[in-house]
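J.: In the numbering used here, the protein residues as written are -7 to 144.
Built from N, CA and C at the ideal position, the CB exists for glycine as well.
Structure representation (structure tokens):
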């Protein structure tokens, strides 16, 4: 990171940003062309979890190239200055890299769904066999991530 003074220096700060985020943007590469999608997600133990329909562009890309980049942010606020070119943003963000894989085991899929739901609710959920069979679960093993805090 170029601006070391803006780096969220420890895992606790980075994980706080992750746990407060509502959306994770997952970036993939289809040949030489990037593709990014905003997704609901879960995080636990250095891994990200996403659910998906059984077909689609995202899945086709991941089958051919499992390398991904992800980004999430919280506390976004536009900072106004007298001179418009000096406007900026306050935010906390995380950017990272990892390898995506598909979870195929039904019980592991259920646990991944529970991890996702814990990101949005304190409820306890169970998922029917039919629902679990009808979705694709993606796990991203995080290889590297950095947090950035600007304006706070």
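Which residue comes first and which comes last in the alpha helix (DSSP H) that contains residue 87?
T.: From DSSP, residue 87 is part of no alpha helix (DSSP H) but of the beta strand (DSSP E) over 80 to 95.
J.: Check residue 100 in the structure and name its three-state DSSP category.
T.: Residue 100: helix per DSSP, three-state reduction.
J.: What residue range does the beta strand (DSSP E) around residue 133 cover?
T.: Unbroken beta strand (DSSP E) run through residue 133: 128 to 142.
J.: Select from 85, 69 and 86 the residue whose C-alpha is nearest the C-alpha of residue 79.
T.: Nearest C-alpha to residue 79: 69.
J.: Can you tell me whether residue 60 is helix, strand or coil according to DSSP?
T.: The answer is strand: DSSP assigns residue 60 an E or B state.
J.: Is the Cβ-Cβ distance between residue 71 and residue 92 less than 8 Å?
T.: Contact flag unset, no.
J.: At the level of alpha carbons, what is the spacing between residue 100 and residue 131?
T.: Cα to Cα, the separation comes out at about 10 Å.
J.: By the 10 Å Cβ neighbour count, where 16 or more other Cβ atoms means buried, how is residue 86 classified, buried or exposed?
T.: Buried, by the Cβ-count rule.
J.: Since I believe residue 28 is in contact with residue 17 (beta carbons under 8 Å), could you give me their beta-carbon distance rounded to a whole number of angstroms?
T.: At roughly 5 Å, the Cβ-Cβ gap stays under 8 Å, so residue 17 and residue 28 are in contact.
J.: Going straight from the alpha carbon of residue 140 to that of residue 113, what length do you get?
T.: When rounded, the distance between both Cα atoms is 26 Å.
J.: Identify the continuous alpha helix (DSSP H) that holds residue 28 and give its terminal residues.
T.: No alpha helix (DSSP H) contains residue 28, which is instead part of the beta strand (DSSP E) from 25 to 31.
J.: Can you tell me the Cβ-Cβ gap for residue 64 and residue 6, rounded? I've got them flagged as a contact below 8 Å.
T.: Their Cβ separation, rounded to whole angstroms, is 10 Å, which puts residue 64 and residue 6 out of contact at 8 Å.
J.: Are the stretch 105 to 119 and the stretch 46 to 53 touching, with three or more C-beta to C-beta distances below 8 Å?
T.: The stretch 105 to 119 is not in contact with the stretch 46 to 53.
J.: Would you kindly check if the distance between the Cβ of residue 122 and the Cβ of residue 34 is under 8 Å?
T.: Contact flag unset, no.
J.: Pull up the DSSP beta-bridge partners for residue 34, would you.
T.: Answer by DSSP bridge pairing, in chain order: 41.
J.: Under a three-way DSSP split, which group does residue 0 fall into?
T.: DSSP places residue 0 in strand when its eight states are reduced to three.
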